[in-house]
Each structure stands twice: as C-alpha cells, then as structure tokens.
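For reference, the structure is listed below as structure tokens.
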Amino acid sequence: MVDLTTASFELGMSLLKHRSTGYRKAAGQFLTPPTLAHFAAEQLGTIQNGSRVLDPAIGSGTLTCAVIERLIQAGQPLEIWLEGYEIDPELCRIAEEMLQQATDVAARHGIRVHFQVQCCDFILEKMKPAAPLFDTEQTNCSYSHIIVNPPYFKINQVTDYGRAAKGQIKGHTNIYTLFMALTMKLLQPDGTACFIVPRSFCSGTYFADFRQQIISETSPTSVHVFEAREGNFDGVLQENVVFSFQRKPLAQRITISTSPTLTDLPEQITIREVDMQHFLGKRGKKLFFRLPTHELDEQILEALDSWSGTLYSYDLEVSTGPIVPFRLRPFLMDVVEVGKSVPLLWLHHVKAQTLLLNAVNGRQKPRAFSTAPEAQPWLTPTANYVLLRRFTAKEEARRLVAAPFLADNFPYPWVGLENHLNYIYRKNNSLTAIEAVGIAGLLNCGLLDRYFRIGNGNTQVNATELRAMPLPAWEVICAVGERLSAGNMTSYLDEIVTDTLKEHDLLPKIFPIIKETRFA
C-alpha cells in the first residue's frame, strides 16, 4: 500500500522548497513530518462510525492522511466525514488530490470517507458574525475530532485576525492560539482535539487568559515533549509540544510523555500519569501549565509549591535593564572615563554567582555609558542588586544565571544595565550584601533552575516568571547568603542551598542534590 502520509508530506515539501524561508515564516508554512503526523493521529482516541474530523490548517493533507491510514490499519469498517481548510491554493490542490487517493484506498478496506477541502482562511471564515460558530441553534458544524498543526506568527488588533477576534475571543497575540481557541468552540461534548504547537502558551502573561479558557472549557488529556529543541521541524526553532484535550470537565490526571526527538517516535517514548495539580500551577491570579516529565519533577513541585514567599511579599521588585543600545548610540562609549562615563554591563558580565566587570565579549561591545545629564535617565544608581540574564543559550547548563552586584565593590555612582539583563532590588530601601548573595545563590541552584524549566520552555527569563517564582522564608535566604559569603564557596552552591533548605524542613531529608537540570 502507498504510504499516503509520506506522499502528502513530500508533495507539499516539493512545492514549498521553491518558496523563500522568509515567505514560509510569514505565512507559517511548516508541514508536519510523517512520523509526527502518525503520532498525532493516535492521540485522537476512538474514532467511531459517523465521526466528524476537522483539520483547519490542512496544508498538503499530511495529518488527515495519517488519520485515514490509522483507520485502515485498524481494519474496522466505518464511515466518517472529514473537513479541511487551507488558505494556499496550491497546497489546497495537493490536499484534495491526496485525500481523494486516500479515500479510494480506504474504500477498498471497507471504510467510507466523505471529505471536503475549502480553499479559504479558516479563522476569518469562522469568525464572521453570521458563521455557525456564533449560532447556538447550529449543531451540524461541530466536530468529534480536531487535528491540526496551525501556523505560527504574531497578530495584533489592527490585523484582520485581531479585528475579527475582538470582543469574541480575547487575549491572543499569536495566530496558533486563535486556532486553538476557535476550534475549542467547535468541538462536540467529549470530542478530542490534538494540536502541534509551540510550548510558549504554557507560561507568560500574554497567554494567561487563554490558559484559563482551556481549563474552563476542556480537560487537557496529554502533552508530549521533545527533549531536543531543534531537529523536529525544518527551520523551526521554537520548542513544540503535542497538546491534546477533550471537551469535558477537568480530570484529575493528565498524561505527559517525552521522546528525545521526533524521529524517536514511537519507540523511544516515556509516558507518565501526572496529578492535574502538578500540571496546573498558580501564583496569585496567574495560572501556568507545567510539564513535570520525571518523578523528581513532581517532588520538586510538591516542595516548592509549599513555599509562600515571593519577591513581592519581601518588598522586592524586578526590572529590565533600561539601556537599549541601538536606540542610545550617542551615549555608548568604548572605554570608561572618570567623570564622563560608567561601566555598561551586558549578558557576558554575569556568570553564576560572579560578576565579571572586566569581561570582554568577542564582538567588542561598548564598555561604557555616558554620564552626561541627558543620558542619566537610563542610568541605574549604584546599590546592592541581583543581576540576572534575561536570555541564555539553549546549550547552557542553567536557564537561571544570577550574580550579586555589590555597591562596595563598584566605585561609581551609577551603572549602565543593558536591556538583556534583569535586576532585583528592594523598592523602599537597599538589599544588604548578604541578602543579595543569598537571593542570587537560590536562583543559581539546580533546584530552582529545574523548577523554572518545568514551567517554562523558553530560553528567555522574563520578569513575570521571576515574580511568580516561590521563595523560602527570608531567614533561609539570609542563611544561604551567610554561608556563600564565608569564603569562596560558589563551587559548593548546590550543596549549601540544599542542606540549608533541609535544615529548615523545606526539603525532605533524603532529597537529592540537583546539579544537572536539562533532562527534558
């Protein structure tokens, strides 16, 4: 039998290879590899006689062909209705040809497939005020199964998508979450949907309302995580997940699975059943989706979720370095001149628990910032801070990299902080040196780094996640600072933090010391 899924993928790729990377990125045209298409089709659960299947971004038909091939392999005669949408006319033509071929093959196995591929924009078509989505009397446009690898690009209120969604579906800054939100409303009760999407919707302020909408209208049933960030989609750098949900009340547990890469499916896959309380994390009014892929992850969540401290509760704030170099070029200087400029600190100056004031970057970035009166709004007064990298490279051992900035070691009245740095400070006073060392020590330890990774798939560390990070009692932070300040103890940081937390009964006595945090 012809491999229908592979054939549809290869036909689509033969078309797209003649298009520029910029065009494909702008249009969100990244087709689903056959291995992943088959895996996604398996996530749809039972497909019964009379099922209605939707792929609202059908592309060249790879996912729908995988669904049909799954039914053929099951060998159970039935009849289904399949509907697809595709905005690109050439891809639409390929999808129609492949689905006709798949329908003919299925018929020889006793399976009747009725299909329709509409060459139009699914979002704009369904968001029309008169569309069946907003007509509660209409039931014939709901689906028992939805499967999709939606496009990925940012939208705003002035685009057609933003205007169409305004007042109907709120809080969406990317087209892929608009696809998810819209199809949730088209899913029948107990229906199942499977999405191949970036992990970014699981955390961050922009998607907070959307996460709440997901658990209000559906029950997430499974999430698959790829341990390697790259190599899963040609030309895609975002960390993607396979996210499935059902239109039913929230369940008690969720399945979280992992594989090293896409090509390892389905042989090298690890599957875990996780309590929903570990998947759903809440700090204040913000809800996060967390992906504990190991038993140790759940133990970490159990421990740190019991901590009541936060930056806010300790009168601390986190801000982003105010200096955006390309906007402030007249104030950038190559060297520090007394009375004329002060050091400008970048990412490469911040190492774990250490601030390297004389570090030189290979690109020879400007090392100083002017102290002229017109430049001073962008300078930060010298005080005790904790500096953190806002970005880390994907291959780096730690996502959280922090260093204490101590006023006694800095002989200038101001400091320049570049925009790729965050800094923590006390709002109404100054941190003590011990406090700054203690906060930095906690953020640098493997325990908090792993906690951060469980809830965040990005290499960016933004202020929202830092504000939501649980912290132990203030006396514990100070105890960590005291111990790390007693000589050169940075190489024993993980041991010091873990032992201190155990002494204060904030970790079980047998809890391991975590040094490697990149195990998914």
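Using the working numbering, the first residue of the sequence shown is number 2, and each one after it goes up by one. We put the CB at the ideal spot given by N, CA and C, even for glycine.
As summarised for the segment 292-330, the continuous beta strand (DSSP E) elements at least 3 residues long and confined to that stretch are 317-321, given in chain order. For leucine 467, the uninterrupted alpha helix (DSSP H) run begins and ends at 464-469, by DSSP. Within the segment 422-483, the complete beta strand (DSSP E) segments of 3 residues or longer fall at 422-427, listed in chain order.
A straight-line Cα-Cα distance of about 22 Å links methionine 334 and alanine 408. The Cβ atoms of threonine 65 and proline 35 do not sit closer than 9 Å to each other. Tyrosine 144 has its alpha-carbon roughly 10 Å from the corresponding atom of methionine 185.
Contact check between the segment 240-254 and the segment 294-312: fewer than three CB pairs, one atom from each, fall below 8 Å, which does not count as touching. Distance from the CA atom of alanine 42 to the CA atom of histidine 110, rounded to whole angstroms, is 19 Å. In this structure, DSSP gives glutamate 43 a helical state, which the three-state scheme calls helix. Under the DSSP assignment, glutamate 80 falls in the beta strand (DSSP E) whose first and last residues are 79-86. Closest by C-alpha distance to serine 260, out of Thr219, His279, Pro250, Thr294, is Thr294. In the DSSP assignment, proline 199 falls within the unbroken beta strand (DSSP E) covering 188-199.
Residue state for aspartate 276 is assigned as strand, using DSSP reduced to three classes.
Secondary structure note for lysine 287: its beta strand (DSSP E) is the uninterrupted segment 287-290. Membership of isoleucine 497 in the alpha helix (DSSP H) is indicated by the continuous run 494-504. Here histidine 115 is bridged, per DSSP, to Trp82.
Non-local beta-carbon contacts of glycine 62 in its own chain, meaning distances under 6 Å to residues more than five positions away in sequence, involve Ser9, Ala96, Met99, Leu100 in chain order. Three or more Cβ pairs drawn from the segment 68-86 and the segment 47-54 lie within less than 8 Å of each other, which places the two stretches in contact. In this structure, the straight-line span from the alpha carbon of glycine 417 to that of glutamate 11 is close to 52 Å. DSSP places asparagine 175 within a strand segment (E or B) once states are collapsed to three.
According to the DSSP assignment, arginine 390 belongs to the beta strand (DSSP E) that extends over 386-390. Under DSSP, valine 106 takes part in no beta bridge, so it has no partner. Straight-line spacing of the CA atoms in valine 351 and glycine 442 works out to 13 Å. Residue range 254-260 is occupied by the beta strand (DSSP E) that includes threonine 259, with no alpha helix (DSSP H) assigned at that position. According to DSSP, lysine 516 shares a beta bridge with no other residue.
With 16 or more other CB atoms across the displayed protein chains lying within 10 angstroms of its CB, alanine 353 is buried. Counting along the chain, valine 149 sits inside the beta strand (DSSP E) bounded by residues 144-149. A straight line joining the alpha-carbon of proline 57 with that of lysine 127 spans about 10 Å.
Taking the CA atoms as reference points, isoleucine 176 sits about 11 Å from threonine 160.
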